[in-house]
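Residue 104 is where the sequence shown starts when you use this note's numbering, and the numbers rise one by one after that. Written below as structure tokens is the structure these notes are about.
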Amino acid sequence: SGAHIPLVSANMNSVTGPRLAATLARRGGLSVLPQDLHLEELDSAIRWVKAQPVAFDTPHVFSPEATAADALLVLPPTAGHGIVLEDAEGGFAGAIPAERLATALPDARLGDLVHGDPASFDQEDVDSPRRAFDLMTEAGLEFAAVLAEGRTVGTLSRRGALRSTIYPPNVDRDGRLRVAAALGINGDLEAKATALIAAGADLLVIDTAHGHQEGMIRAIRTLRGLGLDVPIAAGNIVTADGVGDLVDAGADILKVGVGPGAMCTTRMMTAVGRPQFSAVLETAEAARAL
């Protein structure tokens, strides 16, 4: 198993969080959790991703006493999405399609929005993405909860079930979703890297704006010396020389790009940057030669 689509979400607080990491891995990609989270937060985020369902989506769970306004803070009223209600003991108390929230009064109790038969399936009945899609189509449902012994183990959407027939998940040797974590070139790298691996990180990304420097090379060699059983990515670089030095230090994967994006402030802050196509072309040729 491994990544099936060439899509990796950036290790930025404004981009990647635990829920995106789980969702992207479920579709065959990979996410990198940011380095500027506290170690305890990173540890918790990695373990949370590893605990998420692979075959089903991670549920948005609310109490029946919560309001429609509370739910709309978490997800938009878009078809194919929804929320799950659980009672104080953690038992399933209903599922609500997200678009129903658009017509509810902001202070409406979520428990009052549940009507008719609960939109749910037993986990044993949805043993494949195709079976899940067929069951949802037969029932006329766009969103449903998946239950095991009366407790929520995930959610399904018709579109999500269809996507699961196309994109295999990116899972580790134990069948859990894969997730990467970033760390910088300063501080106690050995302790942080060891903690991230213990939490379950599948890839370490050593990240700094200008990766072709002695500090990066020392950091790669330090982590490589720990004998960790995960790949090491390093960057950012934009030249063939950078490829050679970082590969020589022990990097398995290289992160390319300095200042090319419209949202990137590197050029304005440092007066350093390179067009991305040129950088990828040169670094890829150098990497292929090695």
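Even glycine gets a Cβ: it sits at the ideal position worked out from N, Cα and C.
Could you give the distance in angstroms between the alpha-carbon of His-184 and the alpha-carbon of Ala-124? Within the sequence shown, numbered from 1, the residue matching residue 184 stands at position 81. Within the sequence shown, numbered from 1, the residue matching residue 124 stands at position 21. Looking at the two C-alpha atoms, the distance is approximately 18 Å.
Residue environment, Met-239, which counts as buried when at least 16 other CB atoms sit within 10 Å: The residue labelled residue 239 in the question sits at position 136 within the sequence shown. Buried: at least 16 other Cβ atoms inside 10 Å.
Excluding sequence positions up to five away, which residues of its chain have a Cβ less than 7 Å from the Cβ of Pro-209? Position 106 of the sequence shown holds residue 209. So the list reads Thr-170, Ala-171 and Ala-172, once near-sequence residues are dropped.
By Cβ distance below 8 Å, which residues in the same chain neighbour Thr-268 in space, the five residues on each side in sequence not counted? Translated into the one-based positions of the sequence shown, residue 268 becomes position 165. The residues are Pro-232, Arg-233 and Phe-236.
Would you mind reading off the limits of the alpha helix (DSSP H) that contains Glu-388? By 1-based counting over the sequence shown, the position of residue 388 is 285. First-last of the alpha helix (DSSP H) with Glu-388: 379-392.
As assigned by DSSP and simplified to three states, the class of Ile-335: By 1-based counting over the sequence shown, the position of residue 335 is 232. Three-state DSSP puts Ile-335 in a strand.
So is Thr-311 buried or exposed if we call it buried at 16+ other beta carbons inside 10 Å? For the purposes of this step, residue 311 is taken as the residue at position 208 of the sequence shown. The residue is buried, with at least 16 neighbouring Cβ atoms inside 10 Å.
For Gln-160, does the count of other Cβ atoms within 10 angstroms reach 16, so buried, or fall short, so exposed? As a working mapping, residue 160 is identified with position 57 in the sequence shown. One detail in the question is off: residue 160 reads as Asp in this sequence, not Gln. Counting Cβ neighbours within 10 Å, Asp-160 comes out buried, since at least 16 surround it.
Going by beta-carbon coordinates alone, are Leu-295 and Leu-142 separated by less than 8 Å? Here residue 295 refers to the residue found at position 192 of the sequence shown. Here residue 142 refers to the residue found at position 39 of the sequence shown. Reading off the sequence shown, one finds Lys at residue 295, where the question assumed Leu. Yes, the Cβ-Cβ distance between Lys-295 and Leu-142 is below 8 Å.
Give me the Cα-Cα distance between Ala-247 and Asn-339, rounded to the nearest whole angstrom. Position 144 of the sequence shown holds residue 247. Position 236 of the sequence shown holds residue 339. Taking the straight line joining both Cα atoms gives about 42 Å.
Mapping DSSP to helix, strand and coil, what is Ala-124? Translated into the one-based positions of the sequence shown, residue 124 becomes position 21. Here Ala-124 sits in helix by DSSP.
How about Val-361 and Thr-386: do their beta carbons lie closer than 8 Å? Residue 361 sits at position 258 when you count from the first residue of the sequence shown. Residue 386 sits at position 283 when you count from the first residue of the sequence shown. No, Cβ-Cβ distance for Val-361 and Thr-386 is not below 8 Å.
How about Val-282 and Ala-301: do their beta carbons lie closer than 8 Å? For the purposes of this step, residue 282 is identified with residue 179 of the sequence shown, where counting begins at 1. For the purposes of this step, residue 301 is identified with residue 198 of the sequence shown, where counting begins at 1. Against a cut-off of 8 Å, the Cβ pair of Ala-301 and Val-282 comes out as no contact.
Alpha-carbon to alpha-carbon, Arg-377 and Pro-200: Along the sequence shown, read from residue 1 onward, the residue named residue 200 stands at position 97. Along the sequence shown, read from residue 1 onward, the residue named residue 377 stands at position 274. Using only the alpha carbons, I get a separation of about 46 Å.
Reduced DSSP category for Pro-200 - H, G, I as helix; E, B as strand; rest coil: Your numbering for residue 200 matches position 97 in the sequence shown. Pro-200 falls in the strand class under three-state DSSP.
Determine the extent of the beta strand (DSSP E) in which Ile-356 is found, giving its start and end residues. Counting from 1 along the sequence shown, the entry for residue 356 is found at position 253. Element bounds for Ile-356: 356-359.
Less than 8 Å between the C-beta atoms of Ala-198 and Ser-166, yes or no? What you label residue 198 is simply residue 95 of the sequence shown in a count that begins at 1. What you label residue 166 is simply residue 63 of the sequence shown in a count that begins at 1. No, the pair does not count as a contact, with Cβ atoms beyond the cut-off.
Classify Ala-182 as helix, strand or coil using the three-state DSSP reduction. Here residue 182 refers to the residue found at position 79 when the sequence shown is read from its first residue. Coil.
With H, G and I counted as helix, E and B as strand and the rest as coil, what does DSSP make of Phe-224? Taking the sequence shown and counting its residues from 1, one reaches residue 224 at position 121. In this structure, Phe-224 counts as strand in the three-state DSSP scheme.
Beta strand (DSSP E) segments (min. 3 residues) lying fully within the segment 114-170: 133-136
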